[in-house]
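Q: Got a structure for you, written out below as structure tokens; questions coming shortly.
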Amino acid sequence: MSYLSGKHFLQIPGPTNVPDRVLRAMSSPTIDHRGSEFARLGYEVLEGLKQIFKTSSTVVIYPSSGTGAWEAALVNTLSPGDKILMFETGYFATLWRNMAVKLGLDVDFVSGDWRRGVDPAVVEEKLSEDKKHNIKALAVVHNETSTGVTTRVPELRKAIDRARHPALLMVDTISSLASIDYRHDEWGVDVTIGCSQKGLMLPPGLGLNAISDKALKAAKSSRLPKSYWDWEGMINDNQSGFFPYTPATNLLYGLRESLWMLVEEGFENVFARHHRLAEATRRAVKAWGLEILCLNPEEYSNSLTAVLMPSGYSADELRELILKKFNMSLGTGLGKLKGKIFRIGHLGDFNELMLAGTLSGIEMGLALAKVPFSKGGVTEALDYLSRH
Ligand SMILES: Cc1ncc(COP(=O)(O)O)c(C=O)c1O
Numbered sequence: 211m212s213y214l215s216g217k218h219f220l221q222i223p224g225p226t227n228v229p230d231r232v233l234r235a236m237s238s239p240t241i242d243h244r245g246s247e248f249a250r251l252g253y254e255v256l257e258g259l260k261q262i263f264k265t266s267s268t269v270v271i272y273p274s275s276g277t278g279a280w281e282a283a284l285v286n287t288l289s290p291g292d293k294i295l296m297f298e299t300g301y302f303a304t305l306w307r308n309m310a311v312k313l314g315l316d317v318d319f320v321s322g323d324w325r326r327g328v329d330p331a332v333v334e335e336k337l338s339e340d341k342k343h344n345i346k347a348l349a350v351v352h353n354e355t356s357t358g359v360t361t362r363v364p365e366l367r368k369a370i371d372r373a374r375h376p377a378l379l380m381v382d383t384i385s386s387l388a389s390i391d392y393r394h395d396e397w398g399v400d401v402t403i404g405c406s407q408k409g410l411m412l413p414p415g416l417g418l419n420a421i422s423d424k425a426l427k428a429a430k431s432s433r434l435p436k437s438y439w440d441w442e443g444m445i446n447d448n449q450s451g452f453f454p455y456t457p458a459t460n461l462l463y464g465l466r467e468s469l470w471m472l473v474e475e476g477f478e479n480v481f482a483r484h485h486r487l488a489e490a491t492r493r494a495v496k497a498w499g500l501e502i503l504c505l506n507p508e509e510y511s512n513s514l515t516a517v518l519m520p521s522g523y524s525a526d527e528l529r530e531l532i533l534k535k536f537n538m539s540l541g542t543g544l545g546k547l548k549g550k551i552f553r554i555g556h557l558g559d560f561n562e563l564m565l566a567g568t569l570s571g572i573e574m575g576l577a578l579a580k581v582p583f584s585k586g587g588v589t590e591a592l593d594y595l596s597r598h
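Using my numbering, the letters of the sequence shown map in sequence onto residues 211 to 598.
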């Protein structure tokens with residue numbers, strides 16, 4: 211491929227664009243991870259992350275991708291053969307289910323059409339039927355990155371409480387953390403799973419767990435094998451700002467910087483910005499006459515929008531054309547959605563003019579690929595942005 215001039219537009223729903231401030235922070239020399247300077251960094255990022263998860267409880271940071279943080283949540287709290295309730299909201303929920311099966315858990319996987327979030331009524335029904343409390347945990351994906359659907363976690367909490375069920379609640383916030391409002395303590399979540407490469411504006415490489423006291427108690431009797439992922443050693447060493455093995459020092463410099471940036475902007479402003487840019491995107495898609503994959507407007511994702519292609523047209527050919535012509539990467543359809551949808555990432559370090567460029571690239575791409583659509587999506591989005 212010949213040189214593509216100008217800045218690359220990385221509009222996949224993560225990894226997201228890494229701001230220059232974070233890149234510069236990461237370029238500092240690596241320090242001794244057993245020295246006092248590191249301990250200060252360790253404390254600072256662990257405390258800072260608590261504000262992001264909205265928790266006063268425990269947070270741990272692994273040098274891992276998000277998948278590792280999924281595994282940590284399961285192996286630290288559960289035992290072989292334990293029953294766990296999971297929901298087929300999309301590709302990532304399915305991968306997490308596959309992991310739970312491999313780990314020897316007994317998974318009740320509620321089927322879904324990949325166009326909606328978890329239904330609180332189903333949660334209530336399943337838990338109310340479970341009179342003997344065999345279900346030990348409920349694991350859901352807050353923002354399904356494969357579909358652009360956001361599950362309403364507070365509604366799930368209410369459903370669990372109505373059923374008076376003691377199951378642990380585990381929530382994957384990999385593509386919602388620091389982009390969409392999330393409250394670990396207030397929503398009574400026991401383990402929240404996050405990672406670095408989306409709303410936190412970092413490269414991939416950090417996996418996160420926020421852990422309630424109830425989950426810490428469950429960890430005492432959990433019997434799934436664990437060593438690298440064991441919370442105990444991690445939490446013990448974290449008390450003095452250290453890690454039980456070599457941490458990803460330079461990513462932690464980046465994390466400290468991104469946490470400062472999020473505090474400077476203000477969390478509420480971060481969420482409002484994601485909402486505005488997402489709403490402008492949705493208006494553009496509707497003006498093009500294309501269909502948003504998410505069926506329920508109450509569950510529209512503010513991190514990404516998944517767009518269905520008209521039948522007979524390949525989303526991947528469109529993406530390829532846009533990459534070659536306009537130097538922009540859009541998200542591919544995953545699993546059974548391959549070729550049928552493209553995903554527009556609008557999370558992380560992102561603003562109005564970047565969105566204008568993104569939508570312009572898509573509108574030009576649709577015309578070049580001769581996809582049947584109506585022009586004017588960009589104008590619709592700009593109009594919305596200049597009024598709100
Ligand atoms: C919602 C969700 N869960 C889990 C994962 C897996 O994370 P990773 O690829 O960092 O292991 C992803 C990755 O995009 C995701 O979007």
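Glycine is no exception: its CB is placed at the ideal position from the N, C-alpha and C atoms.
Is the Cβ-Cβ distance between M380 and V332 less than 9 Å?
A: It is not a contact, given that the beta carbons lie outside the stated cut-off.
Q: Evaluate K534 with the Cβ neighbour count: other Cβ atoms within 10 Å of its Cβ, from every protein chain shown; 16 or more gives buried, anything less gives exposed.
A: Per the 10 Å Cβ criterion, exposed.
Q: In the DSSP assignment, find the unbroken beta strand (DSSP E) run with A349 in it and report its ends.
A: Residues I345 to V351.
Q: Mapping the DSSP letters down to three states, classify R553 as helix, strand or coil.
A: Three-state result, R553: strand.
Q: May I ask which residues mark the beginning and end of the alpha helix (DSSP H) holding S570?
A: E562 to L578 is the span of the alpha helix (DSSP H), which, as asked, contains S570.
Q: By the three-class DSSP mapping on this structure, what secondary structure does A279 have?
A: Looking at A279 - three-state DSSP - the assignment turns out to be helix.
Q: Output yes or no for whether 9 Å exceeds the beta carbon distance between R553 and T542.
A: The answer is yes: Cβ separation under 9 Å.
Q: Using the Cβ count rule (16 or more neighbours within 10 Å means buried), how would you classify N512?
A: Looking at its Cβ environment, which holds 16 or more other Cβ atoms inside 10 Å, N512 is buried.
Q: If you measure from each CB to the nearest heavy atom of ligand 1 and keep those under 6 Å, what residues do you get, in chain order?
A: Qualifying residues, in the order they occur: G224, S275, G276, T277, F302, V351, T355, D382, I384, S385, C405 and P414.
Q: What number of angstroms, rounded off, separates the C-alpha of Y523 from the C-alpha of H556?
A: Going by the C-alpha atoms only, they are around 24 Å apart.
Q: I need the straight-line Cα distance from C504 to S431, nearest angstrom please.
A: For C504 and S431, the distance between alpha carbons rounds to 39 Å.
Q: Kindly provide the ranges of any alpha helix (DSSP H) runs that are 4 or more residues long and lie completely inside the stretch 284 to 361, ordered along the chain.
A: The stretch 284 to 361 contains these whole alpha helix (DSSP H) runs: 301 to 312 and 330 to 339.
Q: Where do the N-terminal and C-terminal ends of the alpha helix (DSSP H) with D371 fall, by residue?
A: Its alpha helix (DSSP H) spans residues V363 to R372.
Q: According to DSSP, is Q261 helix, strand or coil?
A: Residue state, collapsed to three classes: helix.
Q: Near H343, what residues of its chain come up, given a Cβ to Cβ distance below 7 Å and the 5 sequence neighbours on each side ignored?
A: The residues are H375 and P376.
Q: For N561, which residues from the same chain have a beta carbon less than 6 Å from its beta carbon, with the 5 sequence-adjacent residues on both sides left out?
A: Contacts found: none.
Q: Would you call the CB atoms of L565 and L487 closer than 9 Å?
A: Yes, Cβ-Cβ distance for L565 and L487 is below 9 Å.
Q: Thinking C-alpha only, which one of V359, G216, P330 and F302 is nearest I506?
A: Before going on, a small fix: residue 506 reads as Asn here, not Ile. It is V359.
Q: Buried or exposed: which applies to G404, given that a residue is buried once 16 or more other Cβ atoms fall within 10 Å of its Cβ?
A: That one is buried.
Q: So if DSSP puts A516 in a beta bridge, which residue, or which two residues, is it bridged to?
A: Answer by DSSP bridge pairing, in chain order: R553.
Q: Alpha carbon to alpha carbon, what distance is there between G252 and L514?
A: Distance between the alpha carbons of L514 and G252: 31 Å.
Q: Going by DSSP, what residue range makes up the alpha helix (DSSP H) through G417?
A: Run containing G417: none in the alpha helix (DSSP H); it sits in the beta strand (DSSP E), L416 to I421.
Q: Name the DSSP bridge partner or partners of F219?
A: Partner(s): M538.
Q: Quick one: grab the DSSP three-state call for P273.
A: If DSSP states are grouped into helix, strand and coil, P273 belongs with the strands.
Q: Since D395 is in the alpha helix (DSSP H), which residue starts that stretch and which ends it?
A: Here D395 belongs to no alpha helix (DSSP H), and DSSP marks it neither H nor E.
Q: Hey, is the stretch 451 to 468 in contact with the stretch 240 to 252, meaning 3+ C-beta pairs nearer than 8 Å?
A: Taking 8 Å as the limit for Cβ pairs, the verdict is that the stretch 240 to 252 does touch the stretch 451 to 468.
Q: Bridge partners for D230 per DSSP, in chain order?
A: According to DSSP, which records beta bridges pairwise, D230 is partnered with nothing at all.
Q: Kindly identify the DSSP beta-bridge partner or partners of Y253.
A: None; Y253 has no bridge partner.
Q: Taking C-beta to C-beta, are E354 and A497 nearer than 9 Å?
A: No.
Q: For G587, which of helix, strand or coil comes out of DSSP?
A: DSSP places G587 in helix when its eight states are reduced to three.
Q: In chain order, what residues of the same chain lie with their CB nearer than 6 Å to the CB of G398, ignoring the 5 residues before and after it?
A: Same-chain partners within the cutoff: R367.
Q: So what does Y463 bridge to, in DSSP terms?
A: Beta-bridge pairing links Y463 to no other residue.
Q: Which residues mark the beginning and the end of the alpha helix (DSSP H) in which T491 is found?
A: First-last of the alpha helix (DSSP H) with T491: F477 to W498.
Q: Kindly identify the DSSP beta-bridge partner or partners of T402.
A: T402 pairs with V381 and A420.
Q: Where do the ends of the alpha helix (DSSP H) carrying E442 lie?
A: Residues W441 to N448.
Q: Can you find the residues in the same chain that come closer than 7 Å, C-beta to C-beta, to R231, ignoring five residues on each side of it along the sequence?
A: Within the same chain, R231 has close Cβ partners E467 and M471.
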